[in-house]
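Anchor point for the sequence shown: position 154 equals 264 in the numbering used here, and the numbering is continuous, going up by one each time.
Glycine residues also receive a C-beta, built at the ideal position from the N, C-alpha and C atoms.
Treat the numbers as computed from the prediction; the structure is a model and nothing was measured.
The structure appears below as structure tokens.
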Amino acid sequence: MKDWYNQIPFLSKKMQIQYIDTHSHLYEPEFDNDRPEAMARAARAGVERLLLPAIDRESYERMFEMCRHYPNRCFPMMGLHPTSVNENPAWREDLELVREYLKNPPVERFYGVGEIGLDLYWSSDYRNEQMEAFAEQIELSLQYNLPIAVHTRSAWTEMCEVIEGFRGRGVRGVFHAFSDGVESYARLRECGDFMFGIGGVVTFKKSPLAEVVREIPLEELLLETDCPYLTPVPFRGQRNESAYVPYICEKIAEIKGISIGEVATQTTANAERMFLND
Numbered sequence: 111m112k113d114w115y116n117q118i119p120f121l122s123k124k125m126q127i128q129y130i131d132t133h134s135h136l137y138e139p140e141f142d143n144d145r146p147e148a149m150a151r152a153a154r155a156g157v158e159r160l161l162l163p164a165i166d167r168e169s170y171e172r173m174f175e176m177c178r179h180y181p182n183r184c185f186p187m188m189g190l191h192p193t194s195v196n197e198n199p200a201w202r203e204d205l206e207l208v209r210e211y212l213k214n215p216p217v218e219r220f221y222g223v224g225e226i227g228l229d230l231y232w233s234s235d236y237r238n239e240q241m242e243a244f245a246e247q248i249e250l251s252l253q254y255n256l257p258i259a260v261h262t263r264s265a266w267t268e269m270c271e272v273i274e275g276f277r278g279r280g281v282r283g284v285f286h287a288f289s290d291g292v293e294s295y296a297r298l299r300e301c302g303d304f305m306f307g308i309g310g311v312v313t314f315k316k317s318p319l320a321e322v323v324r325e326i327p328l329e330e331l332l333l334e335t336d337c338p339y340l341t342p343v344p345f346r347g348q349r350n351e352s353a354y355v356p357y358i359c360e361k362i363a364e365i366k367g368i369s370i371g372e373v374a375t376q377t378t379a380n381a382e383r384m385f386l387n388d
């Protein structure tokens, strides 16, 4: 592999600029052949810390093992992804496993309840089951005083309705890969202490997300990759990885007309406040 990481914006300033990838699935099989190298590339790009949202029982142990191997760099969450509810007759048993892990963590601790939410893109047949699983996991986040990491796809109306039902109860967290408009942003922001995760989609040509990012205060934004998915330009079409966070930071700085350092510093502080404060 060519030393493409030398092209990452502002790499020469990596000792001054540090990032947190607030949504990375670097434990997934796509990285089995070069996970240590991907972690090294992330570090060279200034991405020292990664938040790892869970998916389902098929991948939990992979996530745990990565966190054990990279302590102080990888920070796990626990949850059941909405698409793992679909066509799964045992989803309630899987939800009980989430509950058990939160009660008795097999790692030092969890830093959030996620990745949870609603995804009606593939099918709306399991809408009710997804909404039940989502609501139950929000309740778990309140029980354990943890932030939530929320996945939403083709379900923004339903998402707003669920979150509004928890208004005033202290729910907090991030809407991962936020992709809806300013109206949904305003509705959700009124319901709790929420931030909005921005990933590679913001770098796409003519992305409507740019206008939304312009309206969201920097104090409410988080940087994320969702790797191996949603790869930013100039690597779109290839596997995403945590080392690409600086490209997202650069685009947000361009949109807002401020420095890269300002975006990096504030979004890192945002992630620390929401997820990494003891």
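Asked                                                                                                                                                           : Found
Between which two residues does the beta strand (DSSP E) holding G371 run?                                                                                      : Premise fails: G371 lies in the alpha helix (DSSP H), I370 to A381, not in any beta strand (DSSP E).
List the residues that DSSP assigns as beta-bridge partners of P161.                                                                                            : The residue asked about is misnamed: residue 161 is Leu in this sequence, not Pro. F185.
Can you find the residues in the same chain that come closer than 6 Å, C-beta to C-beta, to R172, ignoring five residues on each side of it along the sequence? : Y137
Can you tell me which residues form a DSSP beta bridge with A259?                                                                                               : G224 and V284
Taking the straight line between their C-alpha atoms, what separation do you get for L230 and R263?                                                             : 6 Å
With distance defined between alpha-carbon atoms, name the residue in L298, R346 and I273 nearest to V312.                                                      : R346
What is the residue span of the alpha helix (DSSP H) that Y357 lies within?                                                                                     : V355 to K366
Looking only at its own chain, which residues have a Cβ that is under 7 Å from the Cβ of F285, when we skip the five neighbours before and after it?            : V260, T262, L298, F304, F306 and G307
At what residues does the beta strand (DSSP E) containing D204 begin and finish?                                                                                : Taken as a continuous stretch (DSSP letters only), D204 belongs to no beta strand (DSSP E), being part of the alpha helix (DSSP H) at W201 to K213.
Give me the Cα-Cα distance between F174 and E218, rounded to the nearest whole angstrom.                                                                        : 10 Å
Please state if the CB of Q128 and the CB of V195 are separated by a distance shorter than 9 Å.                                                                 : no
I need the straight-line Cα distance from R183 to C270, nearest angstrom please.                                                                                : 33 Å
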